[in-house]
Each structure stands twice: as C-alpha cells, then as structure tokens.
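Residue numbers (the numbering used here), protein chains in the order written: chain A, 1 to 372; chain B, 373 to 744.
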C-alpha cells in the first residue's frame, strides 16, 4: 500500500473525498471563493455579507442562471429557480403544486430516493401509482421508460435519473409522449447532456454536482405554473418563487454564488459534453477494477451502472470494513456503502479528480492481492 | 466630507456595510472561514465538501448547538433546530405544527414581518386574531405585552421582538401567564439577554446576528412537539426534525458552520451581556446624532427604538437620496430605507463595528452642516 505518495501530491494536501454529497468541489472554485472571503472583487465585503437586494447579488444570481441555461440548453419557456429545503422538500412541493386535487400520479421507483418521493406523495389526496418498483432486485437496475404501464390521465410521471445510494442511473431522456415527466436529477445533473425540453420539471439538490448544500435547483416549464393552486404556503409556491426570481425572501445566497462559480468552471472546461467524457473515463477506471476481479462485485447491472456513484461489495462484510479503514488511512475517505446495499460506494461527481479514481483502482488491486 | 480616511483604515479595505441582512460578519470569523476553505483543520477538504453524516460535521453541528445553549441559557427541555426556508417558511410551519385543527391564535403586529406572519396564518383553518396592529402610526412603536386583549383558549400568542424594516423593538420578555408565546427574533437574537423559559418557540433567520443566509434557527419547548399532527410534509415536521437533530436530510452545512464560528466569537468577546452593552453604545452614537438635530427625524418613538435597525428620515426625499449616495461614496453602503418608511436605515447588528457607527454619526453631522 503506497498510495500516500500519490495523495500527498494533491494541492493543499487535500484528500480524495468520495462523499456522496456534500462532496468534492473544484480546487479552482474553492480558491476563488477563498480569495473573495474578506472582500469580494473590491466590493468591500464578502458575498456572505451582501444584501440579497443589492445589484451585486442580482448580478451573481442572474449570471448563475444564464450560465446554467447555456450549459444545459434550457429553453426560454422554462424558469430556473433556486429554492431551499433540499430535494426532500421537493418531494412534497411537487404534488402540492402540480397535482390537481384528487388526480393520480405515476412514480417509477428505482431506489431509496424514488421511494421517499412516493411516501411524500401518499400524504396528498388522489392516487400515487407505483408503476415500477425495482425492490425485488434490491434496486440494482432501471427499467426502460418506454413500455412502462403509464396510466392515462395522470398529472405527471415521476422518476429519479440517478439513485445515489444504489448507484443505478438512466442515460437517456424520456420520449415526449403527452406525459409531464418530472425528474429528480440531484446526483447526476450536469454530468451528461440532457434534453430539457423532454421534461416538465427537473430538480436537483445542488450539493453534488453544483455547489455546497443549502439550495435546490428547480427547472420548470412555465405552463405548469398555471397548475399551482391558490392558498399555498408562500414559501412552497412555485409561481410566487418564479414571479420573484427566487428572491421572495432571502435566498441561500452563498450556495447560489458557489453554484455560479461551478458553472463558470464547467464552461471553462468544455461544458457538459466534456464532463460527460471525463465522467465515463473516471467511472471506467473503477468499474474495470471491479470487472477484472472475482473479489469485488458491482451492485448495479452493467447496463444501468451509475457514473456518479459506484457501488460494490467485497466477499465479506468484515473485508468491506477493512477496505474502508485502510483506504481512509491512505487518504481516501467516505467509501463506506449505505447499509441497504452494504460494501462500498465511491461517489465521483464532476469535480472529483481523475487521479482519485486511479488511486482507488490501484488501491483495489493492491487490497485484493493482499486479502483475496 | 473626509470619512474616506477612516474607512480606508478598515482591515482588507472593507467598507461599512449597513445591510439589514445578509450583513456584516466578524472579521475574525471570516478569516477563520477563509483559512479553512481549501482544507479545514487538516481534514483534507473544506466544510463545504464534508459529508453531513461525517463525525467531523456532527462535531461542528453539536458544538454550535452547545455554544448557543450556553450563550442564551437555553433550558434542557428545549430543542435547538437548524432548518431551511428562512423565517418566511416558519410563518407557515408554526400554524401547521402548533395550531390544533380549527383553534384560534393571537398575533401582535408591530411591523412588516408580523403582518406577513398573519397572512400566512390566515391560510389555515381557525381564527387568527390580530390583538394589536400598530398600522395607524405606520408601525412606529410596540405596545406593552402585558395588558393586551389576549383571547382565552388561544393556541399561542405570536409577536416579533424586532421589526427590521420599521426599526421598533421589545427589550423585555413576556410574562409567563399560561400562554404559549412565540417570537420571531430574526433581527435581534443574541443582541441582548433573553429568558428563553418565557417562550414556547423562538425562531430567527440566521442571516443577521448569526451567520450567512441559508438557515433558520428554531428553539422549541419539547412539550409543544406533541402538538405536531400526523401526515405533515416530512421537511415541515418539527418533531421529525427534532428526532433527527436537524439531520433528516442534508442540512445547510455551511450556514451552520458559520453560525458556530460566530457563537465562538461571541463567547470570546463576553457573550450576550457584552454584546448588549456594545449594541447600546453603538446605537446611541447614531440616535444622538438624530436627537441633537432638527434635520434628521427618527421613525420609532424613543422608548421602542431598535438597537439593530435605526430608521430615520431627512427633510425631503431628495435629500434622503443624496445622503445615501454621498454616504456610499464615502464607503458606507446599504443606508437606504425601506419604501414603506422612507429615508434611511442603518442596520448595526452585533458584528457591525463601532467605528462604522461613529463614521455614520460624523457623516450625518457633516451632511447636515452642508445641506441643513
């Protein structure tokens, strides 16, 4: 085990942080944030201290929105909102806002987050139909969206593009078929090209591919705002938030600022297409280590493997714990898997360095040699 | 006008930022945050990148809670929560959680935020009685809490300890009288000693006296959690949040971390009692400039003047605009008053330096001399 040398060459003696979120941010983004922390761009105060009603913050917010629009190719008839409460509050806001009283909705459950969305949806009137649940296979795959038994007259069809805990994903968009598709993209947004026009609403907690925890991004097709009922709690009302450009009350300014820096970093580094290629290569390093071994076993079926969260088990629970502990000693942290899957999970979002993927792959080979 | 010399002596060429929130944070706190931004305390990553399920973040969260408990003397039968959605979401969460179906509640309205709390409360069943509304005087005072026509059998009595926009406040706690008192302390929490045991629930957006925007503090007496009805949207459920120590989902980690640094800064600087003395002295510098002049007119009646938000008008709207513009040129920003009050507002929370109050008082005298 001689990974330490590799890790010690990282800038600022940074470790390889495989956390599923909050998680690794780009070094250049952190440097810029640091450099502005006492006095942002000669403003005389930091972004942390800036009035959300100031021209300066307005510029930060609107630049972030414009950069995101450019990166994702968001059509003009979609609103971009930065809200609070994380993806978890969206599980409730979506039915509250977009589900006409008593109507039914369809959910596809491919992992833990999809399941939570159903639990929240069940608290409202009308039927929440789970048209697919991958529970029997312990959520190791994603079914093709085309061909699922979608109910007629549903208010929307809901799915999760990447299940963070199980490490399964979708790599293509749904076909426009008269349904309103709603997608939780928390853990793979901006990791690959997406055709936004295929969706009614896309949401994502920002703390994986975009910035620090504290904000949730909502991209919503404007016509859906007409569904928002009267009498909503103001902070949960998509229409009110859209009318106020996310500035109805004090927004999570710092999270938005950091997202903006990440968007700029992405633009400088080739945008979503380049991230996609990079992510494929990064994931391949680790999946190859799994596939070229009888020691490690991937949780997801190969065709639905996540490029963001790589889940695998070792021959025993004890070996898994030993692996996580030894990896930590080598400067690779947060490799423990979720208890529902067991084993290990390596989360390698956009900002996670390729060197860390190589270091893990090397470590996996060395660990197998020593313990296999 | 020769204030520039004063301002240029500020560390890092920082201006005097009179923003009502987000607002000035302590320089020492910003320095510590900056120094940890690439690698926090040798952890190998920043707090921005840290898993909220890590031991490191657990330590940050629990230390912040313990320090706040010590600073405010929070009794053991109160829970301390860090939630999202700002004080504005509390306006809805309070009735949703603590108002038994169909019961009535009493609200005291002394300014803009109290008014918003009534609007949100009116969206729920049962009666929201406004037992006092200072509207006729354009919210220039606060009535004594004792002696108000509180309804019997109310679920709670609600008031705002400091109205940020109008600049009026309460300087004493309500008497325990069988009522459950709920208080929005967003803009004066930790600025003066408070007897927490007199309240059922205290809440405060953190972005004034505690940290950057993105979190809201809720201090709730445990027995009130029993009121929380079944079937709440999970993210809006006080009981669920309390059971999970604010870690039901990913919390606003960075805002909590920054609050923790501010609590430590307060402890090092004499705690709430010392802040109180300092705030009285800071406010006096500016109120004296108002009182010793026929040019400036304070909005609030002297006995209810806020120590956090000082509101005053000039002889004409034009002079007010000129004042704000010239002050900005001298390095004093965000002095414009809210349109509902007009004139100027100087927000001088705990972390705002006394030098800035002196600079503003000096500028006021000079401006009056030139334009009075």
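We put the CB at the ideal spot given by N, CA and C, even for glycine.
When the beta-carbon positions are compared, residue 682 of chain B and residue 705 of chain B stay at least 8 angstroms from each other. Under the 10 Å beta carbon count, residue 269 of chain A is surrounded by fewer than 16 other beta carbons and is classified as exposed. Within the model, the alpha-carbon separation for residue 131 of chain A versus residue 648 of chain B is close to 60 angstroms. Distance check between residue 441 of chain B and each of B/631, B/736, B/670 places B/631 closest, using alpha-carbon atoms only. Excluding its 5 nearest sequence neighbours in each direction, residue 525 of chain B has C-beta neighbours in its own chain below 8 angstroms: 475, 476, listed in chain order.
One finds 394, 585 in chain B with Cβ atoms closer than 8 angstroms to the Cβ of residue 52 of chain A, taken in chain order. The C-alpha of residue 667 of chain B is placed about 52 angstroms away from the C-alpha of residue 87 of chain A. Taking 8 angstroms as the cut-off, the beta carbon of residue 190 of chain A is found closer than this to the beta carbon of residue 266 of chain A. When Cβ-Cβ separations below 8 angstroms define contact, residue 469 of chain B makes no contact with chain A.
Relative to residue 148 of chain A, the option among A/140, A/134, A/138 whose CA is nearest is A/134. Taking 8 angstroms as the CB threshold, residue 593 of chain B stays off the interface with chain A. DSSP lists A/221 as the beta-bridge partner residues of residue 78 of chain A. The criterion of a C-beta distance shorter than 8 angstroms is satisfied by residue 251 of chain A and residue 585 of chain B.
Under the 8 angstroms criterion on CB atoms, residue 421 of chain B is classed as interfacial with respect to chain A. Taking C-beta atoms as the reference points, residue 225 of chain A and residue 94 of chain A fail to come closer than 8 angstroms. Residue 512 of chain B is a Cβ neighbour of residue 672 of chain B, given a cutoff of 8 angstroms. At the C-beta level, residue 396 of chain B and residue 723 of chain B come within 8 angstroms of one another.
As DSSP reads the structure, residue 718 of chain B sits in a beta bridge with B/682. Apart from sequence neighbours up to five positions away, the residues of its chain that approach residue 542 of chain B with a beta-carbon distance below 6 angstroms are 514, 533, ordered along the chain. Annotation: the continuous alpha helix (DSSP H) that includes residue 117 of chain A extends over 112-121.
At a cut-off of 8 angstroms between beta carbons, residue 416 of chain B contacts chain A. Any Cβ of chain B closer than 8 angstroms to the Cβ of residue 172 of chain A would place that residue at the interface, and such an atom is absent. Flagged as an interface residue toward chain A: residue 456 of chain B, by a C-beta distance shorter than 8 angstroms. Excluding sequence positions up to five before and after residue 736 of chain B, its CB lies within less than 6 angstroms of the CB of 661, all in the same chain and listed in chain order. Counting only Cβ-Cβ distances below 8 angstroms, residue 12 of chain A has contacts in chain B at 410, 411, in chain order. Put simply, the CB of residue 607 of chain B is near chain A, with a gap under 8 angstroms to one of its CB atoms. For residue 500 of chain B, same chain residues with a beta-carbon under 7 angstroms away, outside a window of 5 residues either side, are 477, 479, 490, 493, 494 in chain order.
In this structure the segment 230-244 of chain A does not lie against the segment 438-452 of chain B, because fewer than three pairs of beta carbons, one per stretch, are closer than 8 angstroms. The three-state secondary structure of residue 208 of chain A, taken from DSSP, is coil. Taken in chain order, the unbroken stretches of alpha helix (DSSP H) that lie wholly in the segment 287-339 of chain A and span 4 residues or more are 317-329. Selection B/432, B/582, B/406, B/469 evaluated against residue 643 of chain B yields B/582 as nearest (Cα-Cα). Of the candidates B/536, B/537, B/546, B/546 places its Cα closest to the Cα of residue 530 of chain B. With contacts defined as CB atoms closer than 8 angstroms, residue 314 of chain A and residue 402 of chain B fail to qualify as a contacting pair. In the DSSP assignment, residue 108 of chain A falls within the unbroken beta strand (DSSP E) covering 105-109. Chain B has a Cβ within less than 8 angstroms of the Cβ of residue 254 of chain A. Here residue 90 of chain A is actually not in contact with residue 194 of chain A; their C-beta atoms are around 17 angstroms apart, not less than 8 angstroms.
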